[in-house]
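Just so you know, this note's numbering puts 424 at position 257 of the sequence shown, and the rest follows in order with no gaps.
Glycine included, C-beta positions come from ideal geometry on N, C-alpha and C.
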Amino acid sequence: MITTDYVPGSPCWLDLGTPDVPSAAAFYGAVFGWAYASMGGMEGGVFRRDGKTVAGLGRLTERGARSAWMIYFGVPDADAATRAVEAAGGTVRVAPMTLDDAGRMAQYSDPQGGQFAVWEPGTDRGAELVDEPGSLCWTELFTSDAAAAREFYGGVLGWRFSDMELPGGAGTYALITPAGLPEERMHGGLTRLDEEHLALTRGRAYWHPVFAVADCDAAVAAVTAHGGTTRTGPQDVEGVGRLAVCLDPWNADFVVLAPSGADG
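Below, the structure is given as structure tokens:
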């Protein structure tokens with residue numbers, strides 16, 4: 168589960184880079200019931216649910232970049248995290264930068280190309296609502312080299328991993344837990360996919376968010392009604408719930424999940 172105490176290594180924020188901020192705000196508002204608050208102009212703002220911040224939205228400016236969700240993991244020191252990323256063979260995409268007194272952030276790519284970010288909190292610790300319908304409840308990495316990913320993220324963020332076998336002999340799924348916490352605090356997973364199954368990113372690893380919903384089928388209906396598509400599902404996964412992998416109208420991927428017992 169993801170909580171808002173935001174221990175080091177746990178996901179604490181996410182934001183979406185999109186070429187069309189107003190339309191993306193309308194799409195996610197329709198799917199998740201989010202209210203959008205602009206930070207001024209067309210550059211972006213924040214999403215809220217029940218008055219609590221759940222995510223950010225910004226205009227995609229990087230040449231050649233695809234629209235995607237960026238997941239931020241909490242760290243006590245963004246400069247130390249940057250040194251660890253470089254030492255482990257990762258790439259610094261955005262060097263550590265201070266955002267007034269809110270905190271400091273940096274963005275990276277892991278050695279297989281998976282993009283992620285870190286947040287060193289100041290006055291802003293992260294999202295105010297998680298693990299509830301309409302908010303982040305899980306994070307997931309698809310990578311062509313699971314062993315290398317475990318070594319990289321274990322070294323950079325101190326994660327522990329425990330393996331579970333996927334149904335039908337589909338491989339191993341590694342569950343991620345922050346250092347020093349029990350397994351009930353696991354917050355994500357990673358699994359290996361062949362590069363030909365990573366077409367969305369042309370073979371590069373990628374992270375995507377999983378959002379909790381009360382009703383998976385209703386969420387998927389909202390996605391498709393407002394210009395999005397589904398890649399898989401809805402489908403029931405034993406012990407997990409009912410889920411679907413979705414794309415928004417600009418091909419940013421995310422998952423909607425009605426946890427077991429939540430979907431009618």
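Answer with buried or exposed for residue i, where buried requires no fewer than 16 other C-beta atoms within 10 angstroms of its C-beta.
i	result
Arg398	exposed
Arg230	exposed
His364	exposed
Glu253	exposed
Asp430	Low per-residue confidence applies at Asp430: pLDDT is 42, beneath 50, and the placement is therefore not dependable, though the value from the model is reported in the following sentence. Buried.
Leu303	buried
Arg250	exposed
Gly218	exposed
Thr170	exposed
Can you pull the DSSP bridge partners for residue i?
i	result
Ala411	Val423
Thr290	In the DSSP output, where bridge partners are listed per residue, Thr290 has none listed.
Gly355	Thr306 and Ile343
Leu270	First, the amino acid is wrong: residue 270 is Gly here, not Leu. The partner list for Gly270 (beta bridge, DSSP) reads Leu266 and Pro288.
Gln402	Leu410
Val377	Trp305 and Val422
Gly348	Here residue 348 turns out to be Leu, not Gly, going by the sequence shown. Per DSSP, none; premise fails for Leu348.
My understanding is that residue i touches residue j, with C-beta atoms under 8 angstroms, so please give their C-beta distance in whole angstroms.
i	j	result
Gly176	Gly241	7 angstroms
Thr306	His354	6 angstroms
Tyr340	Leu333	5 angstroms
Gly257	Gly270	Actually they do not touch by this definition, with Cβ atoms about 21 angstroms apart.
Met237	Glu351	About 26 angstroms separates the two Cβ atoms, so there is no contact after all.
Identify which residue in the options has its Cα closest to the Cα of residue i.
i	options	result
Arg327	Glu318, Gly338, Asp312 and Ile343	Ile343
Gly196	Arg409, Gly400, Asp420 and Ala386	Ala386
Gly406	Tyr373, Met331, Arg371 and Val390	Met331
Glu287	Pro278, Arg233 and Leu266	Leu266
Cys413	Ala232, Phe194, Pro189 and Asp172	Phe194
(Q) In chain order, what are the residue ranges of uninterrupted alpha helix (DSSP H) at least 4 long that sit wholly in the region 190 to 250? (A) none
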